[in-house]
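Taken in sequence, the protein lines are chains S and E.
full-length UniProt numbering applies: residue 1 is where the first sequence begins, and numbers increase by one.
full-length UniProt numbering applies: residue 1 is where the second sequence begins, and numbers increase by one.
Positions of the beta carbon are idealized from the N, C-alpha and C atoms, including for glycine.
Here is the structure we will look at, set down as structure tokens.
Number of protein chains: 2
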Amino acid sequence: MRPLTLDVLNQQLQEVQYAVRGELAIKAELYREQLKSASQSLPFDKVISSNIGNPQQKGLDQPPITFTRQVAALSEWPALANLAPGVFPPDVVARAKELYDEIGSIGAYSHSQGVPFIRKNVAKFISDRDGFPADPDNIFLTAGASAGVSLLINMLITDPSAGILIPIPQYPLYTAALAQHHGRAIPYYLDESRGWSTSVASIEAGLAQARKDGTSPKALVIINPGNPTGALLTRDTMADLVKLCEEHSLVLLADEVYQNNLHRAAEHPFTSFKKVVRELQSPIPLVSFHSISKGVSGECGRRGGYFELTNISAEVRALVYKLVSVGLCPPLSGQIGVDSMVRPPKEGEPSYALWKKETDTIHAALASRTQLMAARLNALPGVSCVESPGALYLFPKIEIPSKAVEAAVAAGKEPDAFYALALLDDTGICTVPGSGFGQKEGEWHYRLTCLCPGVEDYVGKLERFHLKFTEKWA
Amino acid sequence: MRPLTLDVLNQQLQEVQYAVRGELAIKAELYREQLKSASQSLPFDKVISSNIGNPQQKGLDQPPITFTRQVAALSEWPALANLAPGVFPPDVVARAKELYDEIGSIGAYSHSQGVPFIRKNVAKFISDRDGFPADPDNIFLTAGASAGVSLLINMLITDPSAGILIPIPQYPLYTAALAQHHGRAIPYYLDESRGWSTSVASIEAGLAQARKDGTSPKALVIINPGNPTGALLTRDTMADLVKLCEEHSLVLLADEVYQNNLHRAAEHPFTSFKKVVRELQSPIPLVSFHSISKGVSGECGRRGGYFELTNISAEVRALVYKLVSVGLCPPLSGQIGVDSMVRPPKEGEPSYALWKKETDTIHAALASRTQLMAARLNALPGVSCVESPGALYLFPKIEIPSKAVEAAVAAGKEPDAFYALALLDDTGICTVPGSGFGQKEGEWHYRLTCLCPGVEDYVGKLERFHLKFTEKWA
Numbered sequence: 001m002r003p004l005t006l007d008v009l010n011q012q013l014q015e016v017q018y019a020v021r022g023e024l025a026i027k028a029e030l031y032r033e034q035l036k037s038a039s040q041s042l043p044f045d046k047v048i049s050s051n052i053g054n055p056q057q058k059g060l061d062q063p064p065i066t067f068t069r070q071v072a073a074l075s076e077w078p079a080l081a082n083l084a085p086g087v088f089p090p091d092v093v094a095r096a097k098e099l100y101d102e103i104g105s106i107g108a109y110s111h112s113q114g115v116p117f118i119r120k121n122v123a124k125f126i127s128d129r130d131g132f133p134a135d136p137d138n139i140f141l142t143a144g145a146s147a148g149v150s151l152l153i154n155m156l157i158t159d160p161s162a163g164i165l166i167p168i169p170q171y172p173l174y175t176a177a178l179a180q181h182h183g184r185a186i187p188y189y190l191d192e193s194r195g196w197s198t199s200v201a202s203i204e205a206g207l208a209q210a211r212k213d214g215t216s217p218k219a220l221v222i223i224n225p226g227n228p229t230g231a232l233l234t235r236d237t238m239a240d241l242v243k244l245c246e247e248h249s250l251v252l253l254a255d256e257v258y259q260n261n262l263h264r265a266a267e268h269p270f271t272s273f274k275k276v277v278r279e280l281q282s283p284i285p286l287v288s289f290h291s292i293s294k295g296v297s298g299e300c301g302r303r304g305g306y307f308e309l310t311n312i313s314a315e316v317r318a319l320v321y322k323l324v325s326v327g328l329c330p331p332l333s334g335q336i337g338v339d340s341m342v343r344p345p346k347e348g349e350p351s352y353a354l355w356k357k358e359t360d361t362i363h364a365a366l367a368s369r370t371q372l373m374a375a376r377l378n379a380l381p382g383v384s385c386v387e388s389p390g391a392l393y394l395f396p397k398i399e400i401p402s403k404a405v406e407a408a409v410a411a412g413k414e415p416d417a418f419y420a421l422a423l424l425d426d427t428g429i430c431t432v433p434g435s436g437f438g439q440k441e442g443e444w445h446y447r448l449t450c451l452c453p454g455v456e457d458y459v460g461k462l463e464r465f466h467l468k469f470t471e472k473w474a
Numbered sequence: 001m002r003p004l005t006l007d008v009l010n011q012q013l014q015e016v017q018y019a020v021r022g023e024l025a026i027k028a029e030l031y032r033e034q035l036k037s038a039s040q041s042l043p044f045d046k047v048i049s050s051n052i053g054n055p056q057q058k059g060l061d062q063p064p065i066t067f068t069r070q071v072a073a074l075s076e077w078p079a080l081a082n083l084a085p086g087v088f089p090p091d092v093v094a095r096a097k098e099l100y101d102e103i104g105s106i107g108a109y110s111h112s113q114g115v116p117f118i119r120k121n122v123a124k125f126i127s128d129r130d131g132f133p134a135d136p137d138n139i140f141l142t143a144g145a146s147a148g149v150s151l152l153i154n155m156l157i158t159d160p161s162a163g164i165l166i167p168i169p170q171y172p173l174y175t176a177a178l179a180q181h182h183g184r185a186i187p188y189y190l191d192e193s194r195g196w197s198t199s200v201a202s203i204e205a206g207l208a209q210a211r212k213d214g215t216s217p218k219a220l221v222i223i224n225p226g227n228p229t230g231a232l233l234t235r236d237t238m239a240d241l242v243k244l245c246e247e248h249s250l251v252l253l254a255d256e257v258y259q260n261n262l263h264r265a266a267e268h269p270f271t272s273f274k275k276v277v278r279e280l281q282s283p284i285p286l287v288s289f290h291s292i293s294k295g296v297s298g299e300c301g302r303r304g305g306y307f308e309l310t311n312i313s314a315e316v317r318a319l320v321y322k323l324v325s326v327g328l329c330p331p332l333s334g335q336i337g338v339d340s341m342v343r344p345p346k347e348g349e350p351s352y353a354l355w356k357k358e359t360d361t362i363h364a365a366l367a368s369r370t371q372l373m374a375a376r377l378n379a380l381p382g383v384s385c386v387e388s389p390g391a392l393y394l395f396p397k398i399e400i401p402s403k404a405v406e407a408a409v410a411a412g413k414e415p416d417a418f419y420a421l422a423l424l425d426d427t428g429i430c431t432v433p434g435s436g437f438g439q440k441e442g443e444w445h446y447r448l449t450c451l452c453p454g455v456e457d458y459v460g461k462l463e464r465f466h467l468k469f470t471e472k473w474a
């Protein structure tokens, strides 16, 4: 019997990297366990998970939207509406009944593409948002956006020379999925000096490099609002990017999961790529991703989302259907979560006032924390930070003293991972080093979420640590 | 702009076939839509989905276990326990509180491997079942068994010459996942004349053929209880299979999702491969899959399950962790469903009596339907059917008149697909042709579930159709 060792397994998979749940997150879990056993002494009394956009996790405790959870509870046990009369608002009872009539039990597999009725509601949400029609047959409900992105990358990678244009910095799902499916990442750089803006010139540079490397570009990934940057594209840039996809025959993969996380919406509104493609009457194939994990919903644990196919033929759509059918269907709890996201209570309905109050509170907290954290980080020596107009994160640039860089290299760590590990060891704050997202050679960043309550205390810890670290390695 | 056509996409994916949700299932959905609009006349008044083990779907309506759904409803909206006092039994309230204390909000991402507390409960379930310890660190919660199977196949396929031994007939997830990950299926044949038994000799024959074809065998898939066959392995056969894996350095992938669907448990009990491997003190790497979609739970829509790694090193386990972490976590509704499956109410607890009644009813209905359907099918001319001791299906062998075979070939269909399509067109009963699972050359079968209520009426339709079809093509 030959033992099962790494070298007898698929080597390509060993290239997969996913820093958001990597070394630091694993260490943070160990610290959390240690804190439970009183015998261990650590320099902090709690672990703060700023590494991942997970609003409802313990310690952050962003409350779920009551409407969403009431509908879900009734879907789990429909008899409740009669057993607990008056406990659920009448619009919730009506909504749950409507879903039950359409779906039946949420314990059954649905259509592999998602419940037809919910896809109809998603299509209406999209057409109301954009002013252009959407077809429920082009909507695929998914277990979060990640599952859809991975599927599309699998479809687009025809051979090991195929590549996909990925922003740097990027959300590492993209490089992980490319590694898993034997494809190449073609990097293009966002411009930090202009608020992490995207330019056609930088993508053209990426394409030129790909040609030199013998890489065949298949698609362009755009994350808007950006992750980890929080940047928002302008309508003009979006039009230029659509033209670029036309010119180079690229499929556009538009990751729009943060479309409802806008901190200064008047100044920086969100426009969908679907709308721009339709306005320009462009023929480019577009796949747009959305999710219930972000926005004000923050329902990460349900695993719900969708993607919409635009300018994609029925035969290609049939292939997508066949592939998703092997996994049977997305979780029904995620599907009904999507329904609540695209059909929130309307003005005049019994649940509206509470829904409005809850969502306003979440928006306001995120905006004010983002602003405060950016201002305080920018005031630190050796730190500069674009104040994100969208998404859930900040991505400060940090200067790391050369002695610390040397110590990092000696320890076999990237210097920003060395910094982030020291931050975790000292304060219990878990972040993700910029090297996990990609950055320009010789620059260092880290990503942290703006989800933490008690932001004054939290920023205070970041400040004290940074000053201490800088002094230690001066 | 070059349009996005099938030929510019990953060709390998076009080989993926998944008959359970294939041509027949799609046609059945169209019929269902047609029946809603009164203008269409069809020779039946309802579509019966016998193509998939989906107990809670509309028309089958196997009721969910009340305990499971009560715990889930409280997890969705914890305030309910106080808002509706007395509605939930006290053990349900206590269970939901215990889960909340451990997990926090089910709207948060959990540990990528699954909630540690739930993995502990799974480990206890396994050790109680087998009499050997299980380690929570070796348990991975999943979105149904399918997600885990696909991941393991991806890991094991090192290059396009790598193959995995697959029973024929098989559940088509295996060949679909192999096609997706560029691997080869190495077929071995189950013996219908001996109740679909598995033999070492047939696997040895598969291995010999693989050597001739230049295929490098990596793993052996065993489905026990069988799908589509419902067969159960004996302890002796299991021991032989473990020895065979030792000899040939094969990873054993044990699909045990039907372990709780036993119709004659005294005569045909279930033994897990984990238990046999431990009893034999065998070093073979084993991955065992279980699910909440089958059994008496039937919670397909939650997407919950787990796999356990046995005799697998920490470094390989770390690779598994890294890969699952890219998808963030399995759905929490599935995870708490797993918890309810492995920790049902105990005798003496308030929810026990109802739980016992509900599960006994489901077991009894499945056993009696399986027996009745097998007897009636066996009485038909040209039909023979092994009476399954386990799982949810029958897989009758059918003789197809040669004129029908010719007509099928002329229509570009497999003869059993031709038969199953005619059955659907005539009766509204949707099944899966045997060709979707694999069968011996020149033999024909179809798979149907034993989940349909109104079994007399249902079998009557099957009988009348079969006689009509046989007469038509005589």
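* Starting from R119 (chain S) and walking both ways along the alpha helix (DSSP H), at which residues does that stretch end? -> P116 to D130
* Who are the near neighbours of L328 (chain E) in its chain, counting only those whose CB is closer than 7 Å to its CB and skipping five residues on each side? -> Y109 and S112
* **Beta-carbon proximity list for A123 (chain S), same chain, < 7 Å, skipping 5 on both sides** => A134, D135, P136 and I139
* **CB of V16 (chain S) within 8 Å of CB of L152 (chain E), strictly** => No Cβ-Cβ contact shorter than 8 Å links V16 (chain S) with L152 (chain E).
* To do: May I ask which residues mark the beginning and end of the alpha helix (DSSP H) holding L252 (chain S)?
  => Looking at the DSSP string, L252 (chain S) is not in any alpha helix (DSSP H); the run it does join, the beta strand (DSSP E), is V251 to D255.
* **Inside the segment 304-383 of chain E only - alpha helix (DSSP H) runs reaching at least 4 residues** => Counting only unbroken stretches of 4 or more residues, the alpha helix (DSSP H) elements lying wholly within the segment 304-383 of chain E are 314-326, 332-342 and 352-378, in sequence order.
* Asked: Whose Cβ in chain S lies nearer than 7 Å to the Cβ of K461 (chain E)?
  -> Neighbours of K461 (chain E) on chain S: none; closest Cβ ~22 Å, over 7 Å.
* With 8 Å set as the bound, which would you pick, yes or no: does the beta-carbon of R211 (chain S) sit closer than that to a beta-carbon of chain E? -> So, not an interface residue.
* To do: Could you tell me if D255 (chain E) is buried or exposed, where buried requires 16 or more neighbouring beta carbons within 10 angstroms of its beta carbon?
  => Buried, since its Cβ has 16 or more Cβ neighbours within 10 Å.
* In or out: A314 (chain S) buried (at least 16 other Cβ within 10 Å) or exposed? -> exposed
* Kindly confirm or deny that the segment 359-375 of chain E and the segment 450-457 of chain E touch, where touching means at least three C-beta pairs closer than 8 Å. => yes
* To do: Leaving out five residues on either side along the sequence, give the residues of the same chain with a beta carbon under 8 Å from the beta carbon of G107 (chain S).
  => L332
* Do the CB positions of D101 (chain S) and P345 (chain S) come within less than 8 Å of each other? -> no
* Asked: CB-CB under 8 Å to E246 (chain E), same chain, minus the five flanking residues each way: which ones, in chain order?
  -> S282, P283 and I284
* Asked: For a contact meaning CB atoms closer than 9 Å, what does L141 (chain E) contact in chain S?
  -> Residues of chain S passing the Cβ test: none, with the nearest at roughly 12 Å.
* To do: Decide if V277 (chain E) is buried, meaning its Cβ has at least 16 other Cβ atoms within 10 Å, or exposed.
  => buried
* Assuming G195 (chain E) and A231 (chain E) make a contact with CB atoms under 8 Å, what is their CB distance in whole Å? -> Confirmed, about 6 Å.
* Asked: Does any residue of chain E bring its CB to less than 8 Å from the CB of L334 (chain S)?
  -> The amino acid occupying residue 334 (chain S) in the given sequence is Gly; Leu does not appear at that position. It does: the Cβ of G334 (chain S) has a partner Cβ on chain E nearer than 8 Å.
* Measure the C-alpha to C-alpha separation of S161 (chain E) and E441 (chain E) and round it to an integer number of angstroms. => As the crow flies, the alpha-carbon of S161 (chain E) is around 24 Å from that of E441 (chain E).
* Would DSSP call P453 (chain S) helix, strand or coil? -> When DSSP states are grouped into helix, strand and coil, P453 (chain S) belongs to the coil group.
* Asked: For V251 (chain E) versus A219 (chain E), is the C-beta spacing smaller than 8 Å?
  -> yes
* If we call anything under 8 Å between Cβ atoms a contact, is L253 (chain S) one with L6 (chain E)? -> no
* **Residue from S:K397, S:A408 and S:Q14 with nearest C-alpha to A374 (chain S)** => S:K397
* Closest to G86 (chain E) by CA distance: which of S:F117, S:V71 and S:L80 is it? -> S:L80
* Alpha carbon to alpha carbon, how far is G163 (chain E) from K468 (chain S)? -> 56 Å
* Measure the C-alpha to C-alpha separation of S37 (chain E) and A84 (chain S) and round it to an integer number of angstroms. => 36 Å
* **Beta-carbon gap between residue 475 (chain E) and M238 (chain E) smaller than 8 Å** => For residue 475 (chain E) there is no data in the structure shown, the boundaries of chain E being 1 and 474.
* Asked: Taking any Cβ of chain E, which residues in the segment 143-157 of chain S have a Cβ under 9 Å from it, in chain order?
  -> A143, G144, S146, A147, S150, N154, M155, L156 and I157
* With distances taken Cα to Cα, identify the nearest neighbour of P350 (chain E) among E:M1, E:A94 and E:P43. => E:A94
* To do: Taking the CB atoms as reference points, tell me whether L99 (chain S) and R119 (chain S) lie closer together than 8 Å.
  => No.
* To do: In angstroms with no decimal places, state the Cα-to-Cα distance between L233 (chain S) and V459 (chain S).
  => 28 Å
* Applying the criterion that 16 or more other CB atoms from any shown protein chain within 10 Å of the CB defines a buried residue, is D416 (chain S) buried or exposed? -> buried
* Asked: Between the segment 58-72 of chain S and the segment 62-71 of chain E, do at least 3 Cβ pairs fall closer than 8 Å?
  -> no
* In three-state terms, what does DSSP make of H268 (chain E)? -> coil
* Asked: Got a sec, what are the start and stop residues for the alpha helix (DSSP H) residue 475 (chain S) sits in?
  -> Residue 475 (chain S) falls outside the range modelled here, since chain S spans only 1 to 474, and no answer is possible.
* Asked: In whole angstroms, what separates the C-alpha of A420 (chain S) from that of K294 (chain S)?
  -> Rounded to the nearest angstrom, the gap between the Cα atoms of A420 (chain S) and K294 (chain S) is 24 Å.
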